[in-house]
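Below is one structure; the comments refer to it alone.
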Amino acid sequence: MTIRRRTMLAAAPALTTLAEARAQGVAPRRGGTLITMLTPEPPVLQIGVNNQGPTLVIATKMFQGLLSFSPTLEPLPVLAKSWTISPDGRVYTFRLQENVKFHDGRPMTADDVIFSITKFHPEVAPRARAIFALIDNAAAPDAHTVVFTLKQAFEPFLLMFDGSAAAIVPKHLFDGLDYRTAPAVQRPVGTGPFRFAEWQRGNFVKLDRFEDYWKPGQPYLDSIIYRVVPDSQSRRLALETGQAQLSQANDIEPFDVPALRSRPNLEVALNGWEYFSPLAWIELNHRVAPLGDPRVRQALSMAVDRNFIVQRLWFGIGRPATGPIASSSRFHDRNQRLPGFDARAANALLDAAGLRPNAQGVRFTIKHLVLPYSEIWSRLGEYLRQAFRQVGVTLELESTDAGSWARRVGNWEYDTTINFLYQFGDPTLGVERSYVTSNIQRVTFTNTGGYSNPRVDALFAAARSASVAAERQAAFSDVTKLLIDDMAQIWLMEMSFPTIHDRRLRNVVTTGLGVHSSFDDVFLTS
Amino acid sequence: MSLLRIEGLTVALPPGADRPHAVEDISLHVDPGEILCVVGESGSGKSITANAVMGLLPKGLPVRAGAMELLGQDLCALGPEDMRRLRGDRMAMIFQEPMTALNPLMRVGDQIAEAMRVHGRQPGGRVMELLEAVRLPDPAAIAHSHPFRLSGGQRQRVLIAMALALEPALLIADEPTTALDVTTQMSILRLIRDIQQRRGTGVLFITHDFGVVAEIADRVAVMRHGRIVEQGVAADVLNRPQHAYTRALIAAVPRGARTQAVAQTGAEMLRVTGLRKTYTRGGWFGGRVSVPAVQDANFTLARGETLGVVGESGSGKSTLARCIVKLVVPEAGEIRFDGADLRPLSRAAWKPYRSRVQMIFQDPYASLNPRRLVGDAIAEGPITHGVPRAEAMERARELLALVQLEPSAMDRYPHEFSGGQRQRIGIARALAMRPELLIADEPVSALDVSVQAQVLALLADIKARFGLTMLFITHDLRVAAQICDRVAVMQRGVIVETGPTAQVFAQPAHAYTRALLDSIPGQGWTPPV
Amino acid sequence: MRDFWRRYRRNKGAVVGLVVLVVVIIMAATAPWLFPGSPWDMASAPFLPPGEMDMLLGTDSLGRDVAAGIAHGARVSLLVGAISTVVALSIGVTLGAIAGYLGGWVDDVVMRFTEFFQTIPSFVLAILLVAIFTPTIRSVVGAIAVVSWPPVARVVRAEFLSLRGREFVQAAEVLGKSRLSIVLGDILPNALSPIIVLASLMVASAILLESALSFLGLGDPNLMTWGFLIGSGRSVIRLAWWMSVFPGVAIFLTVLSLNLVGEGLSDALNPRLARTR
Amino acid sequence: MELGKLPGFLARRLVKAVLVVLAIVVCNFFLVHAAPGDPASVMAGQAGAADPLFLEQLRRQFGLDQPMHVQLWIYVRSVLSLDLGFSHRQQMGVAALIAERLPATLLLTGAAFAFAVVGGVTLGALAAQRVGRWADSLITVLALTFYATPLFWVGLMLVLVFSVWLEWLPSFGMNSVGLGLTGLAHVLDVAKHLLLPALTLGLFYLAVYARLTRATMLEVQDQDFVRTARAKGVPEGRITRAHVLRNALLPVITFAGIQAGQLVGGSILVETVFAWPGIGRLAFEALLARDYPVLLGVFFCTSVIVVLFNLATDLLYALVDPRVEVA
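Protein chains in written order, with my numbering: chain A, 90 to 615; chain B, 27 to 555; chain C, -5 to 271; chain D, 3 to 329.
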């Protein structure tokens, strides 16, 4: 279980913080308002109906799942106080907390859980639809017990029960209505420690403490205010001046982190993303010549200096990628590495592939669709253009907006772009989709690159159905090797997002979900 | 004691002007109850003199020498504030352009009242009195109106009322009737005369028109190039001019009567019947306004004849002329030229007639393309009609000689020429087409009187030389009398009377014609020579 | 011509503006020699303040030379300004000429069309157009031209309307010249002064507009422009003020100089108005 | 214009305004729909995962499967009944969404406009009165400077100076959240937040109005009626106020009508820099997300504002200038 130990080590600082706080005898203090930030403003706060990053950050304070996960991705009890798995890996039985109430005062029962898992999420969220389709039967022997029977064993099943993936929603407010337009979508009602109070669009979202929260005495904070601040410099300023006490995800640009790290009142945490483990790569469209040639992909990979990208562009926030499976994810094989930065070898490979430079020293010209979400991707595109020029490849940048980007990637209308995907802790959940032949679809976040290798397909299938972790590990190790040899995509970096908070704010990052946890134990010291 | 005394006044021009001084060593005086007319052509410095007295000279024109006294007070010694106190109170001024001389946003009554208020007097009922004094109908309504509702003559009366508000000792009138129609001009002249006589105001009256001088002046000062060349009692100067320039000016005044006999009339060349043109303005959404410019015009023009169309501004005479050359498209009627109806013809079908019908325009400054060489301007018509360039240029050179310009004029631009010279170029341009019918739209009304005489002479000469037929548009009855065989009198779009010139002038049939004739200034005066 | 210069020289600001503009143009023309290589090359360490390690104006977040960016950016900014002005002028002059010369219902239709374009907030329209046609130099130039032509059309129409009634045009009409030769030979040359003045101001506002688009991330990603420099420097303004300050100053100076030149041209071409200054 | 003619004038202008707005609605619809990328694929992209069924569902829900003319007809019909549609992405009625954001934009643009007009006209008048002297030169140079500086850059510099270095004013947002301010304290708080953005947006237009006022005042000063006023002994101060300025303001009013649209456009930049929660930023975000109903709604709304503003300036003009009958 080497993987487990690695992630445990990675998560150590967070645990020490918590331990320290307790050790220093800082008793949690009740009261105070946490002002934090939000970017971009989410369209709706109903989890499931929208699963964008900002929605998840806010909604996980109002909604909870059955489980949560530690930095090493061990399941932790939330709404489920215990669970058992049958030996054949097909029957999952959850015992629920008993005194849980929704914000409207109605008790949460097994009915709500079954409704959420088998009806609500499969209807509104594609990821849940794919996995919960495995459920053959869902039963509630009593009001506080839920039994799911799967059609076949599915080892990563538990990972789907986090609040960000399958929050429990009130059946009585959705059943029989169009889930996307039900009134509750505008005033979310969950079981979390904070309830929806006010949303001034374009300005802020305010959550208040839920007095009937099922953990006695918690939460500690009176309220949380998410201010909408679209400009990154304004966000940085807000942190520095104490107008906000917490930033998360890509609130703060990487180049601002060193300066903030040196402020005595602020603390910078880079952990808390183990569950998501976002991995970024140059996505190549294999249908575009000569990108279908593995030698070309290998050469391009060698033309890129991943250390430069991490250090210069991301200011050390993140790690160079080692392959298709992030190192914080389960089943990462640390013995396999990508070939290093070597422009000379890259040139040789391209020569071997028959791509001779013309009089201007250009072997071929391809386009690069710049990822539109943050300007750092433009910088990355500008770096890649210069890097590829060293090996005689001209990269023409195309800038676009989010809408066009999603459409063009979905329709395979691109040469290269950048993509980054959450891995959700398990390659079957978060990696497989990008490489298997069966998932080559005209939709974003499928195997849009069009990579296809029957052996890879077979290995992913084997890992999916195997119920024993060791068997799965073997399959994933083989798949990693195959993917690296083929250089299916040019993996660049394992992304991290700095969570920066006022030192008086305690218990911010304690789990593998970081700021996506419920914050019921977060408090402000005076 | 004189009311106003000017001694040796010299006002400088800015460096780079065509002469060093706007006026030089001017001496004159105005006595109470008398009208001194300062007469001269444009640029002679007469307006500068008036403005100098008022202390309203532009910044670039400083008084260099001389003394000015008003009621014994040295005007040159007064500061700006003291000058302001005098203006409007002891001396007042009216200007040439009544259309623009009133604040468009302020009611007429308020503007008159302001003239009193700024001098610390309460207007009370005086505004009405003044409006009545200048013989405006319904003073209450007028006082309440904005200037745009009033005609030019009414505005000039308002301005006079404003000037008289504080009963000034001196009234300066700077060409107050030049922009007005003859009938209006006459009534304003009579008003000024009347007021001056009743109140004993001294008037400094600036004009270029000897007719006006004859009508109104007690004494006359003639100016030329910034200097006074002759000064004296009106009757003396008018009838026995001493200075050569004065004589030349008076000689140039159009004769009231036609000297030569009616020309032999040839076959009919142009027959206009039932011509109608209405201007409409207004948008897509209501508020459409229609103004009939020409109504049912009928006339004929025989070969070799000159027909004058006379009328005041807005009578439709220019529109009529423009209809004939299709610059304006009439909505009804026939324009038969040599038997063919020109009105329905397309642009292309009209083209052959372009060389047969030509036009000369009023404003010599606007009628030549400023960016085209004079030679090209004259030659471009023939070239357009297929004459080889070399031949067209040769013809242009000949025509320049004909209109008494140097051949070197070919390669110069219009702005290098004076107004009279430009008008000659315009005539040459029309002649280059070898037209049969020449339409002249107020060809001399923008010219100084001496130049006017030369151009009229030239027109008479070429008409005779080329056997041209001419349609001559003018507002000036004296000019019409001098050059036309027959005249048509227009009023508000309608031709009210047509007939041989002598007959129309001697026995006007229509009341309006009579009114026009009565309004010619200086009728009692027959210029010597 | 000599007259023109004499009048132009009288406006001292215009002379200063012309000098600045010439310097900017020279900088743009000589950029490949002043700063050989690509302005995108990483020349030194990132975030170097001005003056350090031979970097006159400092470096940006990737260690690129800001001075090189400004010099090379001058080429694009000026080109974008000039081309979009030419395009806008050709649209505006054509429509304005048609409306002003033909008058009547044609004038009505064209002017309603122009008014309509003036009613839509132009910057919003520019953003929309660039986004629709994806940010490339073509779409940026096109969008700027599309939002800048209405004032030209109005000015040209007004000029044509007044010139059409002028006697020399009527004279040309009476001479039987064709419409095209009247428009091109008689009216247009006399309407050029306001068009030239307007053009100089339009180049200035086109440069401003381009920089604003780039600031919002809607510039051509393959071209180094001043707008791009500010856009990329804006998020690090507290870390590296020089990245946005210097390109901002470059824009300011260029736009200012164009405005000054425009005023000078206006003085020199319309001597009647100049006297009131 | 006489007051009696006002209702007719107003009615004609309203008809025209409605027609203009209708044309804008139709044009905007086609413009926005010419954009590549439909809202369904965007939402799918942002959801982090998607499958064809999901896309199909979204498309049907948005009415994107209908033919274009049906979509247009539905849109125009609903706009006529003042229903601006529903943002499926935001799960909210567009009208409500805009109504929430509009006050902020109106406050910002209104404040900037007032600042620009009052400041600009004052400075312009001052410069014209002292033409050729140092005050004129100073104002002219200042106006040129503001005129030539990019709007957003001014914003950045103001933030740098007043928020970062001096720490006098907040750099973003419209109010301090979480302080629970009410009454006067709240007003002062908003005013403090408003200062920098309004200044940024207003400076450029201040320059425009200053230049315009100066130029027209110089022009009016040369007109005949000013000479008449002088000839009747009106003191210089009164000439400037009662005669010159009033007439010089007419072009300023016309120009203000035209400028309204530019001001709304400029507010996109300013709202982005200062995180001002108005419709300018809403439009930009909607554009990036291809949220057609919101985008169309914002365009509709801004054009209505501009048209109304034009109407108001026309009316003002008609009241100030008696010569206006119909035009």
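From the three backbone atoms N, C-alpha and C, an ideal C-beta is built for every residue, glycine too.
Buried or exposed: which applies to Tyr305(B), given that a residue is buried once 16 or more other Cβ atoms fall within 10 Å of its Cβ?
Looking up residue 305(B) in the second sequence gives position 279. Of the other Cβ atoms in all chains shown, fewer than 16 fall within 10 Å of the Cβ of Tyr305(B); this residue is therefore exposed.
Any 3 or more C-beta pairs closer than 8 Å across the segment 169 to 185 of chain A and the segment 230 to 250 of chain A
Enough Cβ pairs lie closer than 8 Å, so yes.
Starting from Asn139(A), follow its DSSP beta bridges and name the residues at the other end.
Position 50 of the first sequence, counting from 1, holds the residue named residue 139(A). Answer is Ile136(A), bridged to Asn139(A).
Proximal residues, the segment 139 to 151 of chain D versus chain G, C-beta separation under 9 Å:
This model lacks chain G altogether; the protein chains it does include are A, B, C and D.
Provide the residue(s) that pair with Ile120(B) in DSSP beta bridges, ordered along the chain.
Translated into positions along the second sequence, residue 120(B) becomes position 94. Paired residue(s): Ala199(B).
DSSP puts Met516(B) in a beta bridge; with which residues?
Sequence index remark: in the second sequence, residue 516(B) carries index 490 (1-based). Under DSSP, the beta-bridge partners assigned to Met516(B) are Ile521(B).
Within-7 Å CB hit, Thr285(B) to chain D
For the purposes of this step, residue 285(B) is taken as residue 259 along the second sequence, with counting starting at 1. Here the model assigns Thr285(B) a pLDDT of 49, short of 50, so the residue's position is not dependable and the matter cannot be decided.
Thinking Phe209(C) and Phe154(D) are a contact (beta carbons under 8 Å), I'd like their distance in whole angstroms, please.
The count along the third sequence starts at 1 and reaches residue 209(C) at position 215. The count along the fourth sequence starts at 1 and reaches residue 154(D) at position 152. Taking 8 Å as the upper bound for CB-CB distance, Phe209(C) and Phe154(D) are in contact here, some 5 Å apart.
Output the distance between the C-alpha atoms of Val65(B) and Gly256(C), rounded to the nearest integer angstrom.
Taking the first residue of the second sequence as 1, we reach residue 65(B) at position 39. Taking the first residue of the third sequence as 1, we reach residue 256(C) at position 262. Cα to Cα, Val65(B) sits roughly 43 Å from Gly256(C).
Identify the contact partners of Val166(D) in chain A, using a Cβ-Cβ distance below 8 Å as the criterion.
Looking up residue 166(D) in the fourth sequence gives position 164. Per Cβ cutoff of 8 Å: Leu326.
Close Cβ partners of Leu42(C) (< 7 Å) along its chain, the five nearest in sequence each way excluded:
As a position in the third sequence, residue 42(C) is number 48, starting the count at 1. For Leu42(C), same chain residues with a beta-carbon under 7 Å away, outside a window of 5 residues either side, are Met49, Gly52, Thr53 in chain order.
Apart from the five residues just before and just after Ile546(B), which ones in its own chain have a Cβ nearer than 7 Å to its Cβ?
Within the second sequence, the letter at position 520 stands for residue 546(B). Answer for Ile546(B): Val208, Gly237, Leu503, Arg504, listed in chain order.
Sequence-distant residues of the same chain with beta carbon closer than 6 Å to Gly50(D), five excluded per side
For this step, residue 50(D) is matched to residue 48 along the fourth sequence. Interpretation of Gly50(D) is limited by its pLDDT of 49, a score under 50 that renders its predicted location unreliable; no figure is taken from the coordinates.
Identity of the residue in Ile589(A), Arg401(A), Lys304(A) nearest Ser55(C) by Cα
Locating residue 55(C) in the third sequence gives position 61, counting from the first residue. For Ser55(C), the nearest C-alpha among the options comes from Arg401(A).
Within 10 angstroms of the Cβ of Met47(C), are there 16 or more other Cβ atoms? Answer buried if so, exposed if not.
As a working note, residue 47(C) is residue 53 in the third sequence. Looking at its Cβ environment, which holds fewer than 16 other Cβ atoms inside 10 Å, Met47(C) is exposed.
Would you give the residue range spanned by the alpha helix (DSSP H) that Trp330(D) belongs to?
The structure shown does not extend to residue 330(D), since chain D is modelled only from 3 through 329, so no value can be given for it.
Members of the segment 229 to 249 of chain C near chain A, C-beta cut-off 7 Å
Cβ contacts with chain A come from Ser229, Val230, Ile231, Arg232, Leu233.
If we define contact as Cβ-Cβ less than 7 Å, is Val168(C) a contact residue for chain B?
Translated into positions along the third sequence, residue 168(C) becomes position 174. Taking Cβ atoms only, chain B reaches closer than 7 Å to Val168(C), which makes this a yes.
For the segment 395 to 404 of chain B against the segment 416 to 435 of chain B, do three or more pairs of beta-carbon atoms, one drawn from each stretch, fall closer than 8 Å, so that the two count as touching?
A contact between stretches requires three or more CB pairs, one per stretch, nearer than 8 Å, and the segment 395 to 404 of chain B meets this requirement with the segment 416 to 435 of chain B.
Quickly, what does DSSP pair Cys349(B) with across the bridge? List them, please.
On the second sequence, position 323 is the one that residue 349(B) refers to. Bridge partners of Cys349(B): none, in fact.
Using beta-carbon positions only, say whether Val160(B) and Arg183(B) come within less than 7 Å of one another.
In the second sequence, counting from the first residue as 1, residue 160(B) sits at position 134. In the second sequence, counting from the first residue as 1, residue 183(B) sits at position 157. Yes, Cβ-Cβ distance for Val160(B) and Arg183(B) is below 7 Å.
By Cβ distance, which residues of its chain are closer than 7 Å to Gly280(D), with the 5 residues on each side in sequence left out?
Looking up residue 280(D) in the fourth sequence gives position 278. The answer, listed in chain order, is Arg103, Ala106, Thr107, Leu110, Ser269, Glu273.
Assuming Leu122(C) contacts Leu284(D) (C-beta within less than 8 Å), just tell me the rounded distance between them.
Taking the third sequence and counting its residues from 1, the one referred to as residue 122(C) is at position 128. Taking the fourth sequence and counting its residues from 1, the one referred to as residue 284(D) is at position 282. With a Cβ gap of about 14 Å, Leu122(C) and Leu284(D) do not count as contacting.
Note the first and the last residue of the continuous beta strand (DSSP E) segment covering Tyr181(A).
Counting from 1 along the first sequence, the entry for residue 181(A) is found at position 92. Segment 180 to 185, the beta strand (DSSP E) holding Tyr181(A).
Is there a C-beta anywhere in chain B that falls below 7 Å from the one on Ala258(D)?
Within the fourth sequence, residue 258(D) is the residue found at index 256, counting from 1. For Ala258(D), the nearest beta carbon of chain B is not closer than 7 Å to its own beta carbon.
Which of the three DSSP states is assigned to Pro33(C) in this structure?
The sequence position of residue 33(C) within the third sequence is 39, counting from 1. The answer is coil: DSSP assigns Pro33(C) none of H, G, I, E or B.
When DSSP labels each residue in this structure, what does Ile465(A) get in the three-state scheme?
As a first step, residue 465(A) is located in the first sequence; it is residue number 376 there, counting from the start. Ile465(A): helix per DSSP, three-state reduction.
Residue of Ile465(B), Val470(B), Gly550(B) minimising C-alpha distance to Arg450(B):
Reading the second sequence from its first residue, position 424 is the one you call residue 450(B). Here the closest residue by C-alpha is Val470(B).
Can you name the residues that DSSP bridges to Thr238(A)?
Start at 1 with the first residue of the first sequence, and residue 238(A) comes out as number 149. Partner(s): Val180(A), Asn226(A).
Fully enclosed by the segment 6 to 91 of chain C, which alpha helix (DSSP H) runs are 4 residues long or longer?
Correct list: 6 to 28.
Counting pairs of Cβ atoms below 8 Å between the segment 34 to 41 of chain C and the segment 92 to 109 of chain C, do you hit three or more?
No, because fewer than three Cβ pairs between the segment 34 to 41 of chain C and the segment 92 to 109 of chain C fall closer than 8 Å, the two stretches do not touch.
Looking at Ala187(B) and Ile232(B), is the spacing between their C-beta atoms short of 7 Å?
One-based indexing of the second sequence puts residue 232(B) at position 206. One-based indexing of the second sequence puts residue 187(B) at position 161. With respect to the 7 Å criterion, Ile232(B) and Ala187(B) are not classified as neighbours on the basis of their beta carbons.
Using a 10 Å radius around the Cβ and a threshold of 16 neighbouring Cβ atoms, would you call Thr552(B) buried or exposed?
Taking the second sequence and counting its residues from 1, the one referred to as residue 552(B) is at position 526. Around the beta carbon of Thr552(B), fewer than 16 other beta carbons lie within 10 angstroms, which makes this residue exposed.
Over the uninterrupted beta strand (DSSP E) stretch that includes Trp551(B), give me the two end residues.
Residue mapping note: residue 551(B) aligns to position 525 of the second sequence, counting from 1. Taken as a continuous stretch (DSSP letters only), Trp551(B) belongs to no beta strand (DSSP E), as it is neither H nor E.
Which residues in chain B have a C-beta closer than 7 Å to the C-beta of Arg160(C)? List them in chain order.
For the purposes of this step, residue 160(C) is taken as residue 166 along the third sequence, with counting starting at 1. Chain B residues near Arg160(C): Ala392.
I want to verify the contact list: residues of chain C whose CB lies under 7 Å from the CB of Arg468(A), in sequence order.
Taking the first sequence and counting its residues from 1, one reaches residue 468(A) at position 379. Residues of chain C passing the Cβ test: Ser55, Leu56.
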